[in-house]
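Before any comments, here is the structure.
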Amino acid sequence: MLPRNAPAWLDRVATWLEPFEDCFGHVAQRGAFRRYLLGLLSDSRRKSMSAMLARVTNPGTYQAFQHFITHAPWSAERVWRRLRTVIPEREGVLILDGTSFPKQGLHSVGVARQYCGALGKVANCQVAVTAALWTGVRAWMVGATLYLPDAWLTPEARQRAQIPPAVRFQEKWRLALTLLRQIRASGFHLTAVVGDAEFGDNATLRRTLHRWGLPYALGVSSTLTVFRGTPRVAVPPGKPGRSRPPTRLQLIDPIRPEAVRTIAAQLRAGAWRRVQWRNGTNRPWAAHFAALRVTPANDWRGHRLAPEVWLLLERDLGTTPRTKAYLVALPATASLRAVVKLAHQRWAIEQQYQELKDELGFDHFEGRSLPGWQRHVVLTALAYAWLQHERRRLPVHLPTLPVARAVFTEILTAHFFVTQPGYLETMLKLKEIALRI
Numbered sequence: 000m001l002p003r004n005a006p007a008w009l010d011r012v013a014t015w016l017e018p019f020e021d022c023f024g025h026v027a028q029r030g031a032f033r034r035y036l037l038g039l040l041s042d043s044r045r046k047s048m049s050a051m052l053a054r055v056t057n058p059g060t061y062q063a064f065q066h067f068i069t070h071a072p073w074s075a076e077r078v079w080r081r082l083r084t085v086i087p088e089r090e091g092v093l094i095l096d097g098t099s100f101p102k103q104g105l106h107s108v109g110v111a112r113q114y115c116g117a118l119g120k121v122a123n124c125q126v127a128v129t130a131a132l133w134t135g136v137r138a139w140m141v142g143a144t145l146y147l148p149d150a151w152l153t154p155e156a157r158q159r160a161q162i163p164p165a166v167r168f169q170e171k172w173r174l175a176l177t178l179l180r181q182i183r184a185s186g187f188h189l190t191a192v193v194g195d196a197e198f199g200d201n202a203t204l205r206r207t208l209h210r211w212g213l214p215y216a217l218g219v220s221s222t223l224t225v226f227r228g229t230p231r232v233a234v235p236p237g238k239p240g241r242s243r244p245p246t247r248l249q250l251i252d253p254i255r256p257e258a259v260r261t262i263a264a265q266l267r268a269g270a271w272r273r274v275q276w277r278n279g280t281n282r283p284w285a286a287h288f289a290a291l292r293v294t295p296a297n298d299w300r301g302h303r304l305a306p307e308v309w310l311l312l313e314r315d316l317g318t319t320p321r322t323k324a325y326l327v328a329l330p331a332t333a334s335l336r337a338v339v340k341l342a343h344q345r346w347a348i349e350q351q352y353q354e355l356k357d358e359l360g361f362d363h364f365e366g367r368s369l370p371g372w373q374r375h376v377v378l379t380a381l382a383y384a385w386l387q388h389e390r391r392r393l394p395v396h397l398p399t400l401p402v403a404r405a406v407f408t409e410i411l412t413a414h415f416f417v418t419q420p421g422y423l424e425t426m427l428k429l430k431e432i433a434l435r436i
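Going by numbering that gives the first Met the number 0, the residue at position 323 of the sequence shown is 322; the numbering climbs one at a time, nothing skipped.
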């Protein structure tokens, strides 16, 4: 039996879905949209199209369901744009991350032998670059794009996976920059950007964030080189007999850049401090940290010097500690705790991925085309946003996402019946509720 306030929930569902209706060209597409969303929110353990179809009331044919995802003329990007406008929370830290989807075969679009974070090794997988807005309480998925290795951009592969001619190879950091531009254009107020070394190692991305005035905390590789502090630079004087004076900056100080791992190894024991950044369920989250001001050297080309930032070094508390490194663009007056806190905002994305994958089938798509993947992912993000929207209404007794999903599977089922008048009598019998319509 549905809760007593089911009619109010139904009204909220209808209100939530209404802005997306015009993203779909006709009634059949809008019906398929609601059914697919209901399938994602269902109790099916596997969110493949066939498994979801078995859980959806009045599902129609499998061919129609598949056509909606793979061939129907609607734009996933348009749904993304609409989703970004309806997300109620507009301010937070943007988390950039790459998530991987292990695959058995080589036929799904974008699959290649590459590093798979889900498995911790090189394996057959897809890799997506994602962006999430973290408010400090909730995360909202605000963008995702599939990384396509070169092998998927041949004429044969394009035809097989329905990859448009306009799609060109882009490194993951370029995909992240594209997402950043789209998200900023949607009116979000980003307080900072965080991400791993896939993005932090890239000088162009860091320069862009600096130009936009965005603080950041980005992981970097241990081999990245930096100058300690800010080196002095100047244009050297011209030499006699040369018609053109030099214009490129040169280092005045006789210093050389050092690898991050070299600096970490040279730090004295007193430079490290234990900092706790979060209370975990079973234990506090803490590690040893050291921070110093540095200038990234991979920006240095004889004519450009990067802004000075914090190099944050982190060591586990275990007996064989591993060292991680971050570049953190906060003022020189920032405390170590503030630097650590920003660097560890990224933990929220791990919980989000677990919820998206375990509850909503973010990684369950079994189709092979690029349009199909894009559509499945944006509808998963939409379903996730709906659940977060409902959880946000209960700030005191916040339900877990699995509980929220289970409740609203029933709610969305009822909504589907309401929008199909021929099934109203069946709904009343099955759910044993009376709705005023």
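We put the CB at the ideal spot given by N, CA and C, even for glycine.
Worksheet item: Under 8 Å, do R34 and L16 count as touching if we go by C-beta distance?
Response: no
Quick test of your reading: A130 and G119, contact by CB under 8 Å. State the CB separation rounded to the nearest angstrom.
The pair is not a contact, with the Cβ atoms about 23 Å apart (cut-off 8 Å).
Q. Looking only at DSSP bridge pairs, what is V219 linked to?
A. A324
State the beta-bridge partners of F19 as determined by DSSP.
According to DSSP, which records beta bridges pairwise, F19 is partnered with nothing at all.
Margin query: Measuring alpha carbon to alpha carbon, tell me which residue in S368, H363, T203 and Q344 is nearest K102.
Written below: H363
Considering just the uninterrupted stretch of the alpha helix (DSSP H) at I262, what are its terminal residues?
Segment V259 to Q265, the alpha helix (DSSP H) holding I262.
Cα-Cα, which of H209, L174, H106 and A156 is closest to P306?
Closest in C-alpha terms to P306, from the list H209, L174, H106 and A156, comes H209.
If you draw a straight line from the C-alpha of W8 to the C-alpha of E354, how long is it? 22 Å
task: Figure out for me which residue from L312, P230, A296 and T229 has the closest Cα to the Cα of R440.
output: Nothing in the structure corresponds to residue 440, since the chain is present only between 0 and 436.
message: I'd like the span of the beta strand (DSSP E) that includes H287, first residue to last.
response: P283 to P295
| query | Roughly how far, in whole angstroms, is the beta-carbon of V274 from the beta-carbon of L310, given that I think they are within contact range, below 8 Å? | reply | About 15 Å separates the beta carbon of V274 from that of L310, a gap too long to meet the 8 Å contact definition.
Item to complete: Using the Cα positions of N297 and A216, report the straight-line distance between them to the nearest angstrom.
Response: 17 Å
#### Entry: Cutoff 6 Å; reference G91; Cβ partners in own chain excluding five residues on either side
L132, W133 and T134
Distance, F198 Cα to A175 Cα: 8 Å
Nearest-angstrom Cβ-Cβ length linking R180 and L189, presumed shorter than 8 Å: With a Cβ gap of about 12 Å, R180 and L189 do not count as contacting.
### Message
Measuring alpha carbon to alpha carbon, tell me which residue in E389, P370 and D357 is nearest S43.
### Response
D357
What does the Cβ neighbour count give for H375, buried or exposed, with the cut at 16 atoms within 10 Å?
Note on H375: 16 or more other CB atoms within 10 angstroms of its CB, so buried under the neighbour-count rule.
Which partner residues does A191 have in the DSSP bridge list?
V92
- Message: Starting from L174, trace the alpha helix (DSSP H) in both directions and tell me its first and last residue.
- Response: K171 to A184
*Would you kindly work out how many angstroms separate the C-alpha atoms of H70 and A328, rounded to a whole number?*
44 Å
Sheet register partners of R227 (DSSP bridge): V293
Q.
I need the DSSP call for P163, collapsed to helix, strand or coil.
A. coil
Just reading off the alpha helix (DSSP H) that G382 is part of, what are its end residues? A quick correction: the sequence has Ala, not Gly, at residue 382. Start and end: L369 to R391.
Quiz item: Just checking my contact of G360 with T332 at CB under 8 Å: how many whole Å lie between their CB atoms?
Solution: Going by Cβ atoms, the distance from G360 to T332 rounds to 46 Å, so no, they are not a contact pair.
Item to check | E307, DSSP secondary structure in three states | outcome: coil
Cα-Cα separation between V126 and L213, rounded to whole angstroms: Each residue's CA atom was taken as its position, placing V126 and L213 some 26 Å apart.
**Message:** Would A289 and W271 be called neighbours here (beta carbons separated by less than 8 Å)?
**Reply:** yes
Q | E365 in three-state terms, based on DSSP | A | Coil, per DSSP.
Applying the 10 Å Cβ sphere with the 16-neighbour rule, what's the burial state of S334? exposed
Bridge partners for S99 per DSSP, in chain order? V126
ask   = With a CB to CB cut of under 6 Å and the five nearest residues on each side skipped, what residues in its chain are close to Y325?
value = A216, G218, L311 and A342
Handout entry: Start and end residues, alpha helix (DSSP H) containing Q28
Key = Where Q28 is concerned, the enclosing alpha helix (DSSP H) stretches over V26 to L39.
Q. Excluding the five sequence neighbours on either side, which residues of its own chain have a C-beta within less than 7 Å of the C-beta of P256, listed in chain order?
A. T224, V225, F226 and A296
Can you find the residues in the same chain that come closer than 6 Å, C-beta to C-beta, to S392, ignoring five residues on each side of it along the sequence? Per the sequence shown, residue 392 should be read as Arg rather than Ser. Within the same chain, no Cβ atom closer than 6 Å to the Cβ of R392 is found once the five residues on either side in sequence are excluded.
| field | Assigned secondary structure, T14 (DSSP; H/G/I helix, E/B strand, else coil) | value | helix
| field | Endpoints, the beta strand (DSSP E) within which L105 is located | value | No beta strand (DSSP E) contains L105, which DSSP labels as neither H nor E.
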